Structure formats: structure tokens, C-alpha cells
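What follows is a short report on a single structure.
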Amino acid sequence: MANYTGTVESPKPPAEVFPYMADFSNTKHWDPNITETSVTSTGEPVRVGATFHVVQGSGLSKVELDYETIELTDGRKVVLRAETSSLVSIDTITVEADGTGSIVTYDVDITLKGARKLAEPVMALMLKRIGNEARDGLRERLQ
87 MANYTGTVES PKPPAEVFPY MADFSNTKHW DPNITETSVT STGEPVRVGA TFHVVQGSGL
147 SKVELDYETI ELTDGRKVVL RAETSSLVSI DTITVEADGT GSIVTYDVDI TLKGARKLAE
207 PVMALMLKRI GNEARDGLRE RLQ
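Residues in the sequence shown are numbered consecutively from 87, following the working numbering.
This is the structure in C-alpha cells:
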């Protein structure tokens, strides 16, 4: 399994930050590796069962993932899951109060399937680079 954890401080309160983070279609606004996102379920996007289509990269390196919100904890934690024939991604976002602002922690675990498991060390390196870029974009967006 490859894992990345990044933390960002924001002057914005959790009541503002959490709904933004839990609506996973917003990733295109802060993650430079995401080229397209959309809400694919009907109804409120901040709820268990909400689904999102996410496109990362373009051309031959394009990856499309369909995420589902599988856990939501009172304005503090959201867990999303995507699965393809080659991987499972579990993304966990937590938002904690910090004075009048927030601390956002983004944690992603990617498990490769089948023979691809042999590439997990390479995936871990790629995930670190991609995660740092996303963390930096999120830091800018939440200021």
C-alpha cells in the first residue's frame, strides 16, 4: 500500500472549510493534478453515498476514478473510496478547529491489485510528489 498524509493550516473556520473539502468535486480547484471533476449523484454532495467522477492527468497518463463518500462525521471527517480493476483508493479528510481557523489533514491510501502490487514502491514515490503538489494548492486555496 502507498500512503500520503499532508496537513494544511487555514485561517478559515471549520464550518466553512469542511463543506468545501467534503464536496470532492472541489478538488479541481486546489489539486493541480486533477483536470476534471463532477458530482455524479443527485442531491446534496456532502452526504454518505454522494458520488464524484475525478479525472487526473491527460492523454496516456489519464486516470479516471469514481469516488463514493462512505463515511461522514459531523463536520470533522469525510472518507471517500474509489476502486478500479487496478487499484483501491481510500481518501480521508479531517478538519479540526485551531483557534479561529482550521487544520486540514488529507490522508490517502492506495492499494494496487494483482501484479501491479509489485509497483507499490514506485507508486509511493509518485504519490508523495502528487500529494505535495495538492497540499500546496490546498494551502493557497484555503487562505
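Glycine included, each C-beta is placed from N, C-alpha and C at the ideal position. Predicted, not measured: the structure shown is a model, and the values here were computed from it.
- In the DSSP assignment, N89 falls within the unbroken beta strand (DSSP E) covering A88 to S96.
- Burial of P100 is indicated by the presence of at least 16 other C-beta atoms within 10 angstroms of its C-beta.
- The residue among E150, L228 and M107 with its C-alpha nearest the C-alpha of E122 is E150.
- Assignment of V194 by DSSP, reduced to helix, strand and coil, places it in the strand class.
- By the Cβ-count criterion, V208 is exposed, with fewer than 16 other Cβ atoms from all chains shown falling within 10 Å of its own Cβ.
- The beta carbon of P97 sits closer than 6 Å to the beta carbons of G187 from its chain, once the five residues preceding and following it are set aside; these are given in chain order.
- The straight-line gap separating the alpha-carbon atoms of N218 and G129 is approximately 32 Å.
- Here the region 190-209 lies against the region 160-172, with 3 or more beta-carbon pairs under 8 Å apart.
- With respect to E182, R167 sits apart: the two C-beta atoms are not nearer than 9 Å.
- Assignment of beta-bridge partners to F138 by DSSP yields V125 and Y153.
- The beta carbon of V141 sits closer than 6 Å to those of T121, E122 and E150, all from its chain and outside the five residues before and after it, given in chain order.
- The beta carbon of L224 lies closer than 6 Å to those of V94 and W116 in the same chain, with the five residues before and after it left out.
- DSSP, reduced to helix, strand and coil, places K199 outside both helices and strands of the structure shown, so it counts as coil.
- When beta bridges are read from the DSSP output, R225 appears opposite no residue.
- For K148, the three-state secondary structure derived from DSSP is coil.
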